[in-house]
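Chains as they are written, first to last, in the numbering used here: chain A, 27 to 158; chain B, 27 to 158. For each residue, glycine too, the CB sits at the ideal point set by N, CA and C.
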DNA sequence: AATCATTTTGACTTTTACGTCAATCTGGCA
DNA sequence: TGCCAGATTGACGTAAAAGTCAAAATGATT
């Protein structure tokens with residue numbers, strides 16, 4: 027476990043550009059500390075970046091990712107706000123469950139597509155690719 | 027089962043704009059037939075639209091959606107092309123499985139977030155919301 | 001201390017996926 | 001046949017999410 031990461035270390039680890047990371051900082055999603063001017067990313071910053079990229083893979087916008095990340099923050103003291111968070115958690119959960127259904131459907135169709143290809147290859151007397 | 031749908035019927039059913047549907051047509055993802063100038067959408071067109079929107083929900087770009095839809099087409103006759111499709115099916119499958127892991131992780135974190143809220147509410151003596 | 005590679009900042013540009021608006025064109029019906 | 005709601009086309013506009021480039025600052029190294 028390292029203490030700090032430089033920006034380029036993170037760009038290499040996660041295959042994103044420095045511009046992207048700085049953009050997320052501008053958007054308030056990460057707040058690396060500074061030594062002089064240079065950014066130093068702590069474990070927590072690295073983890074946040076990881077979470078952001080996960081959100082991106084799932085097709086969430088920056089605004090949505092920001093909203094999700096706010097749910098993780100330590101719960102506020104006001105009842106209305108707490109209830110609001112719980113409500114948003116439920117909404118996100120539904121969205122995620124929809125996405126999961128979408129994935130399962132799509133996976134099923136990919137299976138069919140592959141099978142059709144393999145069938146066609148068999149008809150042509152073509153050997154299917156073996157890995158290795 | 028209807029024979030044809032008008033564009034506005036589809037905009038209502040799927041909550042998208044006519045502009046969006048026309049955009050997908052421009053991109054070659056749908057090809058409704060025409061009566062004069064007006065578009066008529068068959069069941070198959072409606073199904074394609076459904077698939078496109080599913081892809082969007084999963085965060086795929088138009089280009090990716092186009093690629094996915096090409097995998098569904100009736101398999102070509104050339105061995106190299108067949109193998110290429112099979113390869114791309116595998117790639118997509120991996121992406122989808124990654125997304126599924128992402129979803130499961132995120133769902134887990136949402137559970138924690140909700141629990142933290144409920145705990146906090148209990149501390150405050152606030153009644154959790156009951157549906158109904 | 002000079003140099004060289006990084007980093008930062010700021011500004012401008014680009015791509016994607018549509019939104020918006022105006023003008024034209026129908027198809028159906030009173 | 002005249003009208004009108006709905007559809008089409010084309011052009012331009014825009015928000016999001018970065019990409020790109022230049023200039024200045026910094027840090028490490030010889």
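- Beta-bridge partners of residue 67 of chain A (DSSP): A:31.
- Counting only Cβ-Cβ distances below 8 Å, residue 58 of chain B has no contacts in chain A at all, with the closest Cβ about 22 Å away.
- For residue 61 of chain B, the enclosing beta strand (DSSP E) covers residues 59-61.
- Looking from the CA of residue 102 of chain A, the closest CA among B:96, B:152, B:63, B:121 belongs to B:152.
- Listed by position along chain A, the residues whose Cβ is nearer than 7 Å to that of residue 146 of chain B are 101, 108.
- In this structure, residue 84 of chain B sits away from residue 81 of chain A, with a CB-CB distance that is not shorter than 7 Å.
- For the options B:141, B:99, B:90, the alpha carbon positioned closest to that of residue 121 of chain B is the one of B:90.
- Among the CB atoms of chain B, none fall inside 7 Å of the CB of residue 89 of chain A.
- Inter-segment contact for the region 108-120 of chain A and the region 106-114 of chain B is absent: fewer than three beta-carbon pairs are separated by less than 8 Å.
- Take the alpha-carbon of residue 71 of chain B and the one of residue 66 of chain A: they are about 52 Å apart.
- Counting along the chain, no alpha helix (DSSP H) covers residue 56 of chain A, and no H or E run does either.
- Spanning the alpha carbons of residue 33 of chain A and residue 54 of chain A requires a straight line of approximately 16 Å.
- With fewer than 16 other CB atoms across the displayed protein chains lying within 10 angstroms of its CB, residue 148 of chain A is exposed.
- For residue 128 of chain B, the nearest CB of chain A lies under 7 Å from its own CB, placing it at the interface with that chain.
- In the assembly as shown, residue 59 of chain A is an exposed residue. Its beta-carbon has fewer than 16 other beta-carbons within 10 Å.
- Each of A:77, A:63, A:140, A:127 was checked against the Cα of residue 99 of chain B, and the nearest Cα belongs to A:140.
- In the structure shown, the three-state DSSP call for residue 89 of chain A is helix.
- A Cβ-Cβ contact shorter than 7 Å links residue 56 of chain A with residue 74 of chain A.
- Assigned with DSSP and collapsed to three states, residue 138 of chain B falls in helix.
- DSSP places residue 84 of chain B in the coil class of the three-state scheme, outside both helix and strand.
- In terms of Cα proximity to residue 118 of chain B, the closest of B:69, B:50, B:95, B:150 is B:95.
- Close to residue 83 of chain A, with beta-carbon spacing below 9 Å, are these residues of chain B in chain order: 85, 121, 124, 125, 128.
- Of the residues assessed, residue 146 of chain A falls on the buried side of the cut-off, its CB having 16 or more other CB atoms within 10 angstroms.
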